[in-house]
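Structure, as structure tokens:
Protein chains in written order, with the numbering used here: chain E, 25 to 752; chain U, 63 to 724.
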């Protein structure tokens with residue numbers, strides 16, 4: 025049957041004429057997918073595909089990875105350094121020499137005038153590990169400011185803090201392969217299908233082979249909640265209560281792993297004393313999950329041969345973020361579910377190299393999970409760098425979220441932002457604007473010249489992105505993977521490693537510490553191997569060639585080992601000096617900005633699959649951006665009807681911080697007293713958020729805020745307001 | 063051949079499983095006999111590669127399998143498709159939309175990923191006037207050749223799944239190609255290989271993938287498979303709320319019908335507004351203007367011209383001497399040439415609706431199946447006959463024997479009388495599309511014939527009445543005859559519309575949704591059109607009964623004509639803007655007509671990455687493209703020589719002619 029014509033015409037299909045595929049690792053989230061970028065004869069990246077035999081993604085990619093090659097061609101890349109005297113003046117193009125000299129002299133001037141810590145550095149989770157290490161060396165060893173942190177405070181700080189409190193060290197103990205063995209999966213505030221589609225696919229693969237219960241705790245009916253066997257629509261900000269109550273039932277009914285608790289943990293009695301107060305009846309009144317469900321989940325989890333918990337921002341971004349992580353860890357400790365196949369506490373990380381910055385950037389301490397607070401660690405690093413150990417502060421300085429208030433009140437006068445965009449990502453945009461305009465010197469180092477923060481910058485340094493440079497990322501399951509240099513950065517944009525090294529040279533003859541800064545990423549990686557030898561995060565068995573061959577290696581990987589290690593703590597030995605994990609009691613105090621008469625709605629925020637963070641990249645790729653080219657709010661139709669708000673119309677939201685207009689999508693995905701807005705968009709949800717800080721991790725509670733909502737009479741004006749905020 | 067990687071994962075390969083004999087629609091799955099058929103064993107000639115694929119099931123109908131329970135709307139399938147086919151943001155061969163229902167937290171959303179279903183009965187192929195479509199014996203793939211397409215977009219009208227994509231920037235349609243290059247080496251299409259939710263799969267039709275049990279023909283939100291017998295099968299086992307709504311602005315929801323074994327029936331009204339039916343009545347006159355504007359004028363003018371000719375030719379034969387050549391030879395001939403000129407203009411204008419107006423002649427390529435080809439051919443024939451008839455009235459052929467001239471005149475005239483109404487019938491068939499229930503009603507025919515009578519008579523009156531007044535004669539006898547076709551035409555239009563409205567309500571589905579639109583968004587306009595019809599009718603009756611005559615009478619009749627013509631224009635514009643296709647549900651932004659309109663109005667569409675083309679002003683591009691391509695054509699003709707070009711042309715014409723009878 026050849027239907028339609030008598031003879032076959034030749035078929036023409038689009039052909040991108042790829043002549044070479046180059047190996048690299050995805051630069052968006054922390055799943056850590058191995059990607060091949062297809063280059064045409066002109067050496068231009070024109071295609072992407074998942075590496076077929078990569079252990080993480082096994083040939084798959086999500087929408088962001090599929091179009092990642094388009095980043096090389098996105099609009100408004102920075103191609104030349106820019107400078108100006110005052111933020112209200114126009115930028116002028118300048119040379120790298122002048123921009124770096126000016127940056128260094130401004131840093132020196134501010135530090136000399138106001139003190140060493142008056143100049144702050146805020147970096148990111150987007151750089152390569154070698155770059156993080158180099159920036160840390162520059163910040164801690166040469167510039168010597170203690171106000172140095174990463175934007176990971178906005179995403180993973182609570183996980184870091186929780187791991188440290190429970191296990192004595194950061195480091196996610198589990199891996200994706202745990203899906204293959206687990207008999208029960210409990211997910212807190214994680215929407216895998218939309219936020220980490222490849223990890224979800226791994227879970228799906230496991231479920232195709234063998235069915236096991238999935239329980240999702242989330243106030244919103246996310247795609248994951250719908251796919252789950254049980255959905256627990258929890259009251260925002262009360263996860264700790266649920267966790268206490270789950271532990272309560274397990275201990276009350278004798279379902280705990282008594283032997284594991286006795287052998288491997290401390291603090292049980294204090295833990296028990298607090299947990300006893302959270303019987304399911306009491307807990308159900310607070311967290312909104314009925315007592316039967318609490319008991320059912322507790323029994324299911326404790327009786328499973330192995331059970332695992334995963335979580336993301338639903339836990340981390342709250343005033344009880346660190347506590348929530350500790351609670352999850354304790355649940356797994358009392359059931360003996362750490363370090364065994366299918367039993368783990370696995371934080372699903374956000375940025376491609378959030379793990380790398382945690383491990384090596386010195387933001388919260390010193391490289392290789394070392395602490396400023398430990399004399400031995402200070403001495404070791406000072407020796408290795410060849411500087412005086414007394415140069416290091418004996419206590420960590422301010423976290424990112426404390427640096428901004430310190431600028432606001434004048435303790436900090438200068439700031440260097442590297443690949444982060446607080447104008448969109450931080451809570452309370454109005455306050456951030458007010459803060460940034462007080463800086464005597466703001467250096468913005470970013471791949472994009474139109475990143476919103478440049479509005480307040482004095483110096484802009486154009487950086488290379490992703491595979492325009494070389495180095496390694498670490499993913500959620502501690503897998504170190506290689507980013508190969510696939511193509512050159514546009515114009516005069518430079519790899520961040522080059523920028524840090526050049527900046528270091530500017531300080532070399534100013535009487536500051538003299539430290540060696542290796543030129544190439546691979547030389548830097550050698551230092552990581554040396555510094556990690558014999559430690560928990562042992563890199564000594566890893567080199568670039570092995571990484572490409574094995575498509576990533578999970579640390580620890582000791583020298584001479586064939587490959588890495590799937591799980592931590594399998595031997596029950598933790599990183600506290602006594603080798604035991606801590607069970608920490610978590611009394612719950614509700615300090616959330618709860619809805620009241622004046623502001624009757626919970627405001628929640630989160631991701632959508634097609635965008636990444638503040639859209640500086642994804643907002644410029646049409647085939648991603650088109651799925652949500654403008655912000656929107658999910659609102660319950662019943663609530664909207666009472667307020668006279670219609671589907672596809674603009675509504676105005678008012679919080680104690682400010683207001684925002686947003687396009688309304690009516691859906692029963694959210695409860696009548698909650699609304700949800702994606703966090704990716706400039707001048708939208710973060711005009712409203714409060715972001716109370718977690719006492720341990722200093723992470724803001726993005727997801728628990730209260731707002732009032734009004735119908736907008738002048739829809740045309742509202743649309744114009746929204747349009748004006750969308751420069752991309 | 064497509065290069066298979068050494069480390070290609072297993073899931074990317076199409077399983078070689080045993081196929082059933084027939085599809086659920088009773089069609090054989092083996093498309094041709096691979097040993098005996100002359101179609102077998104041939105290369106697909108993909109991008110100049112003459113290799114023959116070694117897929118063991120090359121001649122079996124393939125199709126998609128979609129597990130609706132599992133789709134997570136991650137867009138990986140759409141992305142993989144757009145990446146492979148290098149598509150700009152405003153085009154997509156595959157799209158994910160959804161329906162949702164229930165109330166918090168017992169809420170369910172069903173995502174549906176949809177591209178071309180490579181149907182057993184490809185209505186796109188039949189509808190395409192240029193024969194750009196082919197259904198291949200290889201995999202049963204329905205492929206379209208953008209180089210042949212001239213951008214009329216008719217395939218996008220007839221397809222129930224929104225599979226063919228009209229790119230206004232390029233002026234041509236393109237669509238899913240089943241990734242036949244991948245199939246040739248045994249790989250699933252890019253979309254199915256990219257699926258992350260365990261939802262989209264691909265294989266020989268009626269085979270269920272591993273771990274799947276069902277191969278259902280539809281799920282809620284999917285248009286009825288009866289129209290085209292699409293090659294997609296579904297699994298949907300998880301129970302759903304009784305009512306599922308759409309996130310786009312199409313006023314449709316899907317209601318469970320337990321009588322029809324839980325099938326979900328499309329029903330009017332949106333789930334998100336409390337009661338869609340009580341929305342305000344609006345005018346929205348600006349929105350009457352659409353991409354189909356050329357067609358509004360083209361159809362009305364053609365109907366008027368055919369009507370006028372019928373009356374001019376038949377009138378005198380039935381004793382209506384005023385219209386005879388003998389009484390007003392100059393006016394008669396002038397009117398004929400005016401009709402010719404106006405219709406010529408209308409035909410020319412209709413090509414502006416094409417993405418490639420200079421390729422208009424390809425409209426004749428598919429006389430065998432396409433109503434568009436038949437319409438263009440019959441209208442072209444009518445035009446030729448009208449021209450022949452007009453020329454014979456010029457008296458240029460007096461040197462020929464009288465009987466020959468008379469015969470020529472009679473034959474061309476009578477043939478035009480026959481072909482004209484047939485052309486309108488063919489024109490109406492264009493709109494009888496199952497995927498567009500608003501159009502698929504006999505009202506289209508009464509409207510077209512009604513306008514033929516009314517506008518035809520008015521055209522005659524417009525010419526003859528002033529002539530009579532100038533000559534100092536009464537227009538009363540003329541109008542008392544012409545008023546009958548006017549009234550009859552208006553009554554036909556009224557009767558058709560009345561039945562149409564009842565049909566829309568009874569049908570439910572997209573038809574009722576169109577009806578909701580015409581009573582709400584265009585409510586006032588719709589009413590005004592109806593009032594206009596009645597007013598035209600009444601005014602004509604009044605004018606003829608009071609015997610309106612002289613200058614005042616002419617003025618009165620002009621007023622009547624103004625009412626009728628305005629009403630006809632508004633009515634025809636409504637006809638085009640109100641149609642709601644039976645397409646898949648959209649998402650909140652992508653494939654949401656309401657958002658696209660908002661993006662254009664608010665300026666969001668000015669950002670190319672919004673994926674919405676700004677206001678449609680692509681006619682200039684189309685003309686520029688035409689100029690460029692015609693220059694290239696001339697260059698080719700010059701290069702290969704006139705004789706060769708003529709031979710090629712002859713071959714092509716013969717091929718088209720052959721296809722009509724094949």
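Glycine residues also receive a C-beta, built at the ideal position from the N, C-alpha and C atoms.
Asked                                                                                                             : Found
Residue environment, residue 90/U, which counts as buried when at least 16 other CB atoms sit within 10 Å         : exposed
Exposure of residue 165/U, with buried meaning 16 or more beta-carbon neighbours within 10 Å                      : exposed
Contact set between residue 242/U and chain E, taken where Cβ atoms lie within less than 9 Å                      : 35 and 37
Status (buried if at least 16 other CB within 10 Å, exposed otherwise) for residue 488/E                          : buried
Within 9 Å, strictly: CB atoms of residue 454/E and residue 603/E                                                 : no
Span of the beta strand (DSSP E) around residue 505/E                                                             : 503–507
contact_flag[the segment 196–213 of chain U, the segment 300–310 of chain U] where n(CB pairs < 8 Å) is 3 or more : no
Residues near residue 611/U in its chain [Cβ-Cβ closer than 7 Å; skip 5 each side]                                : 536, 537 and 538
Listed by chain order, chain U residues near residue 232/E by CB distance under 9 Å                               : 260, 272 and 273
Contacting positions in the segment 169–191 of chain U - beta carbon closer than 7 Å to chain E                   : 169, 170, 171 and 187
Short CB-CB distance (under 9 Å) between residue 140/U and chain E                                                : yes
Proximity below 9 Å, CB of residue 712/E to CB of residue 615/E                                                   : no
Segments of 3+ residues assigned as beta strand (DSSP E) that fall wholly inside the segment 337–400 of chain E   : 368–371
Under 9 Å between C-beta atoms of residue 53/E and residue 581/E                                                  : no
Contact with chain U by residue 251/E, beta-carbon distance below 9 Å                                             : yes
Unbroken beta strand (DSSP E) run spanning residue 483/U, endpoints                                               : No beta strand (DSSP E) contains residue 483/U, which is instead part of the alpha helix (DSSP H) from 464–493.
Under 8 Å by beta carbon: chain U residues contacting residue 321/E                                               : Here the premise fails: no neighbours, minimum Cβ distance about 16 Å.
Where residue 659/E sits in the DSSP three-state scheme                                                           : strand
Partners in chain U for residue 660/E, counting only beta-carbon separations shorter than 7 Å                     : 166
Residue 554/E versus 392/E, 373/E, 119/E and 466/E, residue with shortest Cα-Cα distance                          : 392/E
Under the three-state DSSP convention, the category residue 263/U falls into                                      : strand
Residue interval of the beta strand (DSSP E) (run including residue 672/U)                                        : Run containing residue 672/U: none; DSSP gives neither H nor E here.
Whole-Å CB distance - residue 616/U paired with residue 527/U, under 8 Å assumed                                  : 6 Å
Proximity test, Cβ basis, 9 Å: residue 562/U and chain E                                                          : no
Assigned secondary structure, residue 202/E (DSSP; H/G/I helix, E/B strand, else coil)                            : helix
Residues bridged to residue 58/E (per DSSP)                                                                       : 49/E
Chain E within 9 Å of residue 732/U, Cβ atoms only                                                                : Not covered by the structure: residue 732/U. The range shown for chain U is 63 to 724.
Residues of the segment 449–477 of chain E with Cβ closer than 8 Å to any Cβ of chain U, in chain order           : none
6 Å CB neighbourhood of residue 509/U in its chain, flanking five on each side removed                            : 555 and 558
Neighbour flag for residue 733/E against chain U, beta carbons, 9 Å                                               : no
Residue ranges of each beta strand (DSSP E) within the segment 65–134 of chain E, 3 or longer                     : 69–74
Chain U residues whose Cβ lies nearer than 9 Å to that of residue 650/E                                           : 151, 152, 154, 651, 652, 671, 672, 673 and 674
Spatial distance of residue 233/E from residue 562/U (CA atoms)                                                   : 54 Å
Same chain only: Cβ atoms within 6 Å of residue 248/E, ignoring 5 sequence neighbours per side                    : 215, 216, 217 and 240
Proximity winner among 158/E, 371/E, 631/E and 562/E, relative to residue 579/E (alpha-carbon distances)          : 562/E
C-beta neighbour in chain U for residue 611/E, strict 9 Å                                                         : no
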